[in-house]
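Chemist: The opening position of the sequence shown corresponds to residue 63 in my numbering, with each subsequent residue numbered one higher.
Ideal placement from N, C-alpha and C gives every residue a C-beta, glycine not left out.
There's a structure below that I have some questions on.
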Amino acid sequence: MTVKIDTPLLIVGGGPAALIVGTIASGYSMGSLIVGHEPVCPDASVELAEDVLEILKPHGVINVLLPYADSTDPVLIKASVFEQVLKHHCVVNMNITLYDGMALSNVRREGEGASAIMSDGETQWFVKADRLLDTHEIPRELNAAIRKGAHLAESIVAARLVG
């Protein structure tokens, strides 16, 4: 028997943008499913730009990250640590479901959404999403990924409010 999962937003691909999109969408009470997230950031420290800090403030993300920062003035954090901490933050968020070690197959686009089979190699779930976002093409550099992820999340939430 295949279990069906319905989600407003299905996010696939690795990197910080996937986590940012899920976190920001969650801040607007929009649920999301992140499938097969893999970290892609290097261990190098990155200075978070002022505009990026402003993006992270409204949803409390900056407060989650600061204890792990190498420095707080300016905010320097290892990109890999940023991704790891935010991933753990997503796992405890009630509006985000995050599955590691999963793969999607038989993906069928349906307008902005999609349907697919999600599997861990043993069990399968049928996933139906109102919106599919693939983060593979989003920049991996931390500041750029946060900016792009935030922009995409805001666009997705705005479209949902209008639709």
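Keeping to the same chain, check which residues put their C-beta closer than 6 Å to that of I96; ignore five residues upstream and five downstream.
Modeler: Position 34 of the sequence shown, counted from the start, is the residue given in the question as residue 96. For I96, where only same-chain residues beyond five positions count, the Cβ hits under 6 Å are I73, A80, G84 and L160.
Chemist: Per DSSP, which one or two residues make a beta bridge with R170?
Modeler: Numbered from 1 along the sequence shown, position 108 holds the residue referred to as residue 170. According to DSSP, R170 bridges with S177.
Chemist: When we look at the beta-carbon of L118 and count the other beta-carbons within 10 Å, is it buried (16 or more) or exposed?
Modeler: As a first step, residue 118 is located in the sequence shown; it is residue number 56 there, counting from the start. L118 is buried by the Cβ-count criterion.
Chemist: Go through the stretch 84–109 residue by residue and report every complete run of the beta strand (DSSP E) that reaches 3 residues or more, in order.
Modeler: Here the runs fully enclosed are 94–97 and 107–109.
Chemist: Put I200 into one of helix, strand or coil per three-state DSSP.
Modeler: By one-based count along the sequence shown, residue 200 stands at place 138. Coil.
Chemist: Using only alpha-carbon positions, find the residue among A220, G122, S181 and V147 that is nearest to P101.
Modeler: Locating residue 101 in the sequence shown gives position 39, where the first residue counts as 1. Considering only alpha carbons, the answer is V147.
Chemist: Could you please give me the residues that DSSP links to K66 through a beta bridge?
Modeler: For the purposes of this step, residue 66 is taken as the residue at position 4 of the sequence shown. Looking at the DSSP assignment, K66 forms a beta bridge with F188.
Chemist: Skipping 5 residues on each side, what residues in its chain have a beta carbon closer than 8 Å to that of T69?
Modeler: By one-based count along the sequence shown, residue 69 stands at place 7. Closer than 8 Å at Cβ, skipping near neighbours: G93, S94, L95, T159, V189, K190, A191 and D192.
Chemist: Which residue or residues does DSSP assign as beta-bridge partners of V137?
Modeler: Along the sequence shown, one-based indexing puts residue 137 at 75. T134, per the DSSP bridge assignment.
Chemist: Would you tell me roughly how many angstroms separate the C-alpha atoms of T197 and D135, rounded to the nearest one?
Modeler: Counted from its first residue, the sequence shown places residue 197 at position 135. Counted from its first residue, the sequence shown places residue 135 at position 73. Cα to Cα, T197 sits roughly 30 Å from D135.
Chemist: From G163 to G77, what does the alpha carbon distance come to, in whole angstroms?
Modeler: In the sequence shown, residue 163 corresponds to position 101, counting from 1. In the sequence shown, residue 77 corresponds to position 15, counting from 1. Rounded to the nearest angstrom, the two C-alpha atoms are 15 Å apart.
Chemist: Put A165 into one of helix, strand or coil per three-state DSSP.
Modeler: Position 103 of the sequence shown, counting from 1, holds the residue named residue 165. Strand.
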